[in-house]
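Read through the structure below, which is laid out as C-alpha cells, and then see the notes.
Residue numbers (this note's numbering): 561 to 723.
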C-alpha cells in the first residue's frame, strides 16, 4: 500500500475511534440521567454526517479555488504570452492546499499542472527544462490518463527540432 493510502486509513481509523470514545462518554453521562443509548448513537450519527458534509464542502471549495487560479493563469498567458509569469502562476497553483486530492476529469491536479508546464516550456523552446519536468512527472504519476498525456507530450517534444 502507498503511504498516502496508509495516512488516509489512519485518519479514518482515528476518526472512528474518537466517535467510539465520544459515544462511551456520552452514554456514561446519560446513563446517570436515564436516557437510552439509541439516542446517543442517533446524535453521533447526525454529528458524523454533518462533519462528513463539511469535509466534502471544504474539498469542493478547494477544488473550485484551484480551478479558478488555473483559469486565471491560462487567461493571462493567452493575453500576454509571458511564459515566465505563467510558470510562476502555475507554481503558485501547485502550492495551494488540496492539490493532491483534486482531480480534473480523472486527471490529478498535480499532473494536469505538469502537463500545462510541459506544453508552455515546449512551445517556448525550452527543451531542457521541458525534459526535466516531463521526467519528474513521469516518475511521480500512477494515473494511466496522466501517463498517456505525458507520452503524447514526449512524442511532440521528440518531433520538435533542436534549437
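Cβ atoms here follow ideal geometry from the backbone N, Cα and C, with glycine treated the same way.
Between the Cα of residue i and those of the options, spot the shortest distance and give me the residue it belongs to.
| i | options | result |
| --- | --- | --- |
| residue 693 | 582, 678, 624, 580 | 678 |
| residue 682 | 657, 714, 581, 709 | 714 |
| residue 571 | 697, 685, 615, 584 | 615 |
| residue 685 | 718, 638, 601 | 718 |
| residue 633 | 621, 676, 622, 671 | 676 |
Throw me the rounded Cβ distance for the residue i and residue j pair, which I believe falls under 8 angstroms.
| i | j | result |
| --- | --- | --- |
| residue 654 | residue 673 | 5 angstroms |
| residue 658 | residue 619 | 7 angstroms |
| residue 687 | residue 720 | 7 angstroms |
Taking just the CA atoms, how far does residue j sit from residue i?
| i | j | result |
| --- | --- | --- |
| residue 588 | residue 603 | 15 angstroms |
| residue 716 | residue 635 | 23 angstroms |
| residue 640 | residue 577 | 53 angstroms |
| residue 613 | residue 575 | 15 angstroms |
| residue 607 | residue 579 | 9 angstroms |
| residue 702 | residue 709 | 12 angstroms |
| residue 697 | residue 650 | 15 angstroms |
| residue 585 | residue 669 | 41 angstroms |
| residue 583 | residue 601 | 7 angstroms |
| residue 691 | residue 712 | 13 angstroms |
| residue 643 | residue 617 | 34 angstroms |
| residue 648 | residue 567 | 30 angstroms |
| residue 638 | residue 630 | 12 angstroms |
| residue 666 | residue 689 | 26 angstroms |
| residue 609 | residue 656 | 27 angstroms |
| residue 605 | residue 581 | 14 angstroms |
Where does the unbroken alpha helix (DSSP H) through residue i begin, and where does it stop?
| i | result |
| --- | --- |
| residue 693 | 687 to 700 |
| residue 659 | Careful: residue 659 lies outside any alpha helix (DSSP H) and carries neither H nor E. |
| residue 672 | 669 to 683 |
| residue 646 | 643 to 655 |
| residue 718 | 704 to 719 |
Should residue i be listed as close to the ligand HEM, given that the test is whether its C-beta is under 7 angstroms from any heavy atom?
| i | result |
| --- | --- |
| residue 648 | The ligand HEM is not among the ligands present in this structure, which contains no ligands whatsoever. |
- Item | Sufficient close CB pairs (3 or more, under 8 angstroms) joining the segment 649 to 666 to the segment 613 to 632 | Counting Cβ pairs under 8 angstroms, three or more are found: they touch.
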